[in-house]
Amino acid sequence: MTPRVKTILPTLPSSLTIDWVDGRRSTANLTGWIATGGELLAPLRSAGIWETAKVTDYGASVEWDGNDLAIDAYHLYQIAEDQRDFDVDDLRKWQEDTGLSNNEAADFLGVTLRTWNNYRAGTPVSHAVKMLLRASQRDPLLLHAHFRPRRPGRPRHAA
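First residue of the sequence shown: 0, per numbering that gives the first Met the number 0; consecutive thereafter.
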């Protein structure tokens, strides 16, 4: 289902607090989106323009005064979700959804088993690991391409 924006509150320099039609609330810092948008999005660096943000298209987008200054609700939602904290409950749900063992999860993420177990115990998850976990949730092909299952038993002795 496509997310719909109910209301927004622009906050300087480049954040939006979003109330979604489904009742959830999130915050999106759009600094990176603006910075990578070139000259087209450069006007959003102006406080005067930033504060003109308004919900349009029945919640399908947010627009600002100016030439083609807009972001659709789907991408705004994705940015807000990617910026949301990835806590221990999210981590455990990811592992449950993927069906990976602790060793396999650690291998997939390129961390030691000890680090993975620390994450599961509540140690804050590194920024890079959070990005990878979120990306693999959004696009299961990442898991398909990079996951290598563990084989049962002891590894064969090298000759």
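By construction, the Cβ of each residue, glycine as well, lies at the ideal position given by its N, Cα and C atoms.
Could you tell me which residues DSSP puts in a beta bridge with residue i?
i     : result
Lys53 : Glu62
Pro9  : Leu15
Ala69 : Glu62
Please state whether the Cβ-Cβ distance between residue i and residue j is less than 8 angstroms.
i      : j      : result
Ala79  : Gly58  : no
Arg24  : Thr30  : no
Ala34  : Leu11  : no
Trp49  : Leu43  : yes
Asn102 : Asn116 : no
Leu99  : Ala27  : no
Val110 : Val128 : yes
Ala134 : Leu140 : no
Can you list, in chain order, the residues of its chain with a C-beta nearer than 6 angstroms to that of residue i? Leave out the 5 residues immediately preceding and following it.
i      : result
Leu145 : The residue asked about is misnamed: residue 145 is His in this sequence, not Leu. Hits under 6 angstroms: none found.
Ile70  : Val61
For residue i, which residues in the same chain have their Cβ closer than 7 angstroms to its Cβ, ignoring the five residues on either side in sequence?
i      : result
Ala52  : Ile7, Pro9, Leu15, Val61 and Trp63
Gln94  : Ala104
Asp18  : Lys5, Thr6 and Arg24
Gln136 : Trp93
Let me confirm a value: residue i is counted as buried when at least 16 other C-beta atoms fall within 10 Å, else exposed. Which label applies?
i      : result
Asp106 : buried
Pro2   : buried
Leu112 : exposed
Please go through the same chain and pick out, in chain order, the residues whose beta-carbon is closer than 8 angstroms to the beta-carbon of residue i, but skip the five residues on each side of it.
i      : result
Leu132 : Phe85, Asp89, Leu90, Trp93, Leu108 and Val124
| field | Secondary structure, alpha helix (DSSP H): runs of 4+ residues fully inside the region 75–101 | value | 87–97
| Every unbroken alpha helix (DSSP H) within the region 16–54, with a cutoff of 4 residues, ordered by chain | 30–34, 37–40 and 46–49
| task | Within the region 105–133, note down every full alpha helix (DSSP H) run reaching 4 residues or more, in order along the chain. | result | 112–119
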